[in-house]
Amino acid sequence: MSPFFRSILFLTLSGWAGVVLAQPITCVTSAVPPIVRAEGLAERIGDIEIDCTDSPNDTLTLNFAVLTNTTISNRLSAGNTLTGIVFTEDSGTGPQAVTVQPILINSNTLAFNGVPVTFSPQGAVSLRIVDIRVNATAIPVGSAIIASVSLNIPVNMPQIVVGTPETGLAAAFSSSLVCAQNGSPLPSTINFANLIQTGTSLSSIRMTEGFADSFQPLSSIANLNADSGERFIITYSGFPQDATLYVPDVIAGSDAIQPTGGGDLELPASGGAYAPLASGSLLLARVAGAGTNGAGGSPIYTPGAIGSGTVTFNTVSPLGIVNGSAYVVYEVVDANNSVVESAQFPTFLGLAPNGNRPASQTSASVTFAPVSKIGVASATEPLPRFAAVTPPVDCSIVGDCATYLPSLSIATTSIQLSAPEGGALQEGYFVVQNTGGGDMNWQISVSYGSGSGWLTVTPTQGINQTTVVTYANPSGISPGTYTATLIVNGGQYAGTQTVTVTFVVTAPPAPPAPSISSVVNAASFAAVPAVPGSLSTVMGTNFTGSNITASFNGVSAPISFSNGTQINLLVPAALAGQTTSQLVVTVNGRGSKPDTVNLAPFAPAIFSGGVINQDWTLNSATNGASAGSVLQIYATGLSSAGTITGQFSNQVVVPDYAGAAPGFAGVQQVNLTIPVNLAATTANLYVCGAAQGAAAVCSVPVPVTIK
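Numbering-wise, the sequence shown is residues 3 to 709 according to our numbering.
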């Protein structure tokens, strides 16, 4: 019997309403329990044998029920009839088919009702139920599955073991294909040997039996009444649309004359060679027309007769890439059921060079096929069928873990960073290393313990050794201690490790208080008393901030301009009559030391460019004013508390107008008529103010041109 029948699965024969018999009937149930694939949703369990004794030549009509502790998943037909199950009766003349069809009573119970049973002249009969399929994924690996057979007569039959689920598929991947700027060349004639010789980029996938006879062709005992032999579906993702993938049409397994290999796992590069043998050897054929679940289509190659000679394989076929993804399906067309076999094949990448192409990481996966999620009897689902279970690494089976299995290593377990609130980005570093074999594809995710969004990591994925940089940003978060955990995932074989990042954000140091060094006239920058209602300039340091104010004796002074060292302001008119005042400049809530400022009713100064001719042009050496015309003079430091006059050199002139300049706070306008007796010349122009009973105070002279 094939090792397939070493799985553990129990059958219970549950009691039904009995009939009164002339003498007790006895029955014994048995099965040869196979190993079934733990990934299988419709695995064939061991044949159930029911050996009964009764009166010689007795004839009974019996009802049989079979109960399993997982769902029955045969094909379902009309009237809840299960197809594919074979029931035979042997009364000494050989097995005879029982024509009664099995009915699915519930998800894990089937029944044969009204079965005529005839005992031999010796009073014996042997019954056999063959090809019940169940969902093995519902039973833990290595665990027993329970059941019994019951009749409509009082018969005590113990539970029996009919299968044990074990992992059926393990796999290995040599590396990931990288789509880079330099591309990957293709030969002019595309076949396996030419692709190897040209140096076309490749990556190999290896599929290994989890137990002997896990890979079976359609003709095998496990695939009685099935749609296909065991299949594999390999899916690819992450490829640019201009890429082309090529795969072998036929794959010779590990026990073939020459196994297929790409040269990047333990086998030399070869398309493979195979000869049909009585014992069988593993051979896979690509399935043309298979759907995305791996069902349908037909293998493109069928082995010849035993003894037909050696066949070599050199053909490859392209895979269609849709939205960066592709797939290929292979079916087992030959195998040796007494040894653990493996098969590997390269996937070749054709890609034109492109200097603007960003490097992209691709991925590949393999599972048994056809893939399904239906673990109950179905009218439409394929037989066999499998859950999409990621296979474990096969290096412990093949014996190359030391050279294949990657190992994640990170020497750093924590990173400590600190910065003042609103300060610059802070950088930390650690190195991801693969201290094992093969290629380790890793990626990083961030889990915040406090706060969020303050940590950036680059790169977030890579292959093997890479320096990773962390950036902690103190902008937008309050002072405090923040933590985050970087989870570095090296894949299912290399495992994960973590790096803790602690980020201490401190309150920014208090800026220095503003300091006043001098208060000068805003027009002349002369160190003269400030005049209420006029403009002054405050010189000093640390005047930069988002909120700047100035006050004289607590009275706010409007500010028209400020930078780090200068403030232009309007001295409050409310200070009129005072001789001194305490000036305080406040920046972002921090005030300067009070500065004593002298006050006076007059300290005039004419603004640069503040003398305008009657035609509204600027008076200059090349643009004079005529004698008898009126000049407009803009000054500051003149108040209304006294007399304002003008002066051309030594000639005093009474203003036509002296007062506030309309629209310019703190600026005074003085209109003077140039005396008609002034010859064409350059004269010194003054504006003066005299408080009652006091001497006049005049501005620094500015030159005016009279033509």
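All C-beta atoms in this analysis are idealised placements derived from N, C-alpha and C, irrespective of residue type, glycine included. For clarity, every value in this text was computed on a predicted model and none was experimentally measured.
Cross-strand partners of residue i (DSSP beta bridge)
| i | result |
| --- | --- |
| T294 | For T294, which the question treats as bridged, DSSP gives no partner whatsoever. |
| E388 | The question names Glu, but residue 388 is Phe in the sequence shown. Looking at the DSSP assignment, F388 forms a beta bridge with G42, V373. |
| E429 | Y473 |
| V2 | There is no way to answer for residue 2, as the model of the chain reaches only from 3 to 709. |
| M541 | S520, Q568 |
| C29 | C54 |
| A421 | V507 |
| C181 | S362 |
| Q260 | A275 |
| M209 | A173, A345 |
| N443 | I465 |
| E168 | R39 |
| E2 | Outside the displayed span of the chain (3 to 709) sits residue 2, for which this structure offers no information. |
Neighbour-count burial assignment, residue i, 16 or more Cβ in a 10 Å radius
| i | result |
| --- | --- |
| Q463 | exposed |
| Y248 | buried |
| Q183 | exposed |
| Q199 | exposed |
| Y495 | buried |
| V530 | buried |
| A297 | buried |
| N621 | buried |
| E429 | exposed |
| V699 | buried |
| I676 | buried |
| T166 | buried |
| A24 | With a pLDDT of 49 at A24, under the threshold of 50, the predicted position of this residue should be treated as unreliable, and no value is reported. |
| G535 | buried |
| Y431 | exposed |
| Y276 | buried |
| A509 | exposed |
| Q218 | buried |
| P511 | exposed |
| N59 | exposed |
| V613 | buried |
Cβ-based neighbour list, residue i, same chain, cut-off 6 angstroms, excluding 5 preceding and 5 following
| i | result |
| --- | --- |
| S272 | Q260, G263 |
| E91 | Q98, V100, L129 |
| G96 | none |
| F350 | L197, T202, L204, Y248 |
| P606 | A637, G639, L640, V689, G691, S701 |
Backbone CA spacing between residue i and residue j [nearest angstrom]
| i | j | result |
| --- | --- | --- |
| L15 | F66 | Because the pLDDT of L15 is 36, which lies under 50, any placement of that residue in the model is unreliable, and the number read from its coordinates should be weighed accordingly. About 8 angstroms. |
| L129 | Q98 | 9 angstroms |
| G655 | P514 | The sequence as given places Val at residue 655; Gly does not occur at that position. When rounded, the distance between both Cα atoms is 50 angstroms. |
| A696 | L640 | 14 angstroms |
| L43 | A371 | 11 angstroms |
| A80 | D49 | 25 angstroms |
| G626 | F604 | 29 angstroms |
| A379 | S177 | 39 angstroms |
| L477 | P320 | The question names Leu, but residue 477 is Ser in the sequence shown. About 52 angstroms. |
| D658 | V689 | 13 angstroms |
| G630 | V678 | 5 angstroms |
| V68 | P187 | 60 angstroms |
| P156 | N295 | 47 angstroms |
| G547 | S520 | 20 angstroms |
| S594 | I646 | 35 angstroms |
| R714 | V459 | In this structure the chain extends from 3 to 709, so residue 714 is not present and cannot be described. |
| T246 | A287 | 20 angstroms |
Residue i beta carbon near the ligand PLP (any heavy atom closer than 7 angstroms)
| i | result |
| --- | --- |
| T73 | Absence of the ligand PLP is noted for the structure shown, with no ligands found whatsoever. |
Nonlocal neighbours in the same chain, by C-beta distance under 7 angstroms from residue i, ignoring five residues either side
| i | result |
| --- | --- |
| G212 | E168, T169, G170, L171, A172 |
| L220 | A228, S230, G231 |
| E268 | D402 |
| Q499 | L410, I412, V490 |
| Q694 | G644 |
| A307 | P278 |
| V573 | A532, V533, P534, G535, S536, S538, F554, A559 |
Below-8 angstroms beta-carbon distance, residue i vs any chain C residue
| i | result |
| --- | --- |
| P393 | Considering every chain present, this structure includes no chain C. It has just one protein chain. |
Residues of its chain near residue i, where Cβ-Cβ distance is below 8 angstroms and the 5 sequence neighbours each way are ignored
| i | result |
| --- | --- |
| P189 | N196, L197, Q199, T200, T202 |
| A552 | V540, S558, A559, I561, I569, L571, L585, V586, V587, T588 |
Are the stretch 405-412 and the stretch 435-442 touching by the rule of at least three beta carbon pairs closer than 8 angstroms? Touching, per the Cβ criterion.
With a cut-off of 8 angstroms, do at least 3 Cβ pairs link the stretch 27-34 to the stretch 51-69? With a cut-off of 8 angstroms, the stretch 51-69 and the stretch 27-34 count as touching, because enough Cβ pairs lie within range.
Hey, is the stretch 560-574 in contact with the stretch 661-675, meaning 3+ C-beta pairs nearer than 8 angstroms? Contact between the stretch 560-574 and the stretch 661-675 is present, because at least three Cβ pairs lie under 8 angstroms.
Within the chosen definition, does the stretch 449-461 reach the stretch 473-489 through at least 3 CB pairs nearer than 8 angstroms? Judged by Cβ distances under 8 angstroms, the stretch 449-461 makes contact with the stretch 473-489, as three or more pairs qualify.
Contact between the stretch 73-89 and the stretch 132-142: three or more CB pairs below 8 angstroms? Yes, the stretch 73-89 touches the stretch 132-142.
Do three or more CB pairs link the stretch 57-64 to the stretch 108-127 at distances below 8 angstroms? In short, these stretches touch, since the Cβ pair count reaches three.
Three CB pairs or more closer than 8 angstroms across the stretch 239-258 and the stretch 317-336: A contact is defined here as three or more CB-CB pairs under 8 angstroms, and the stretch 239-258 meets this definition with respect to the stretch 317-336.
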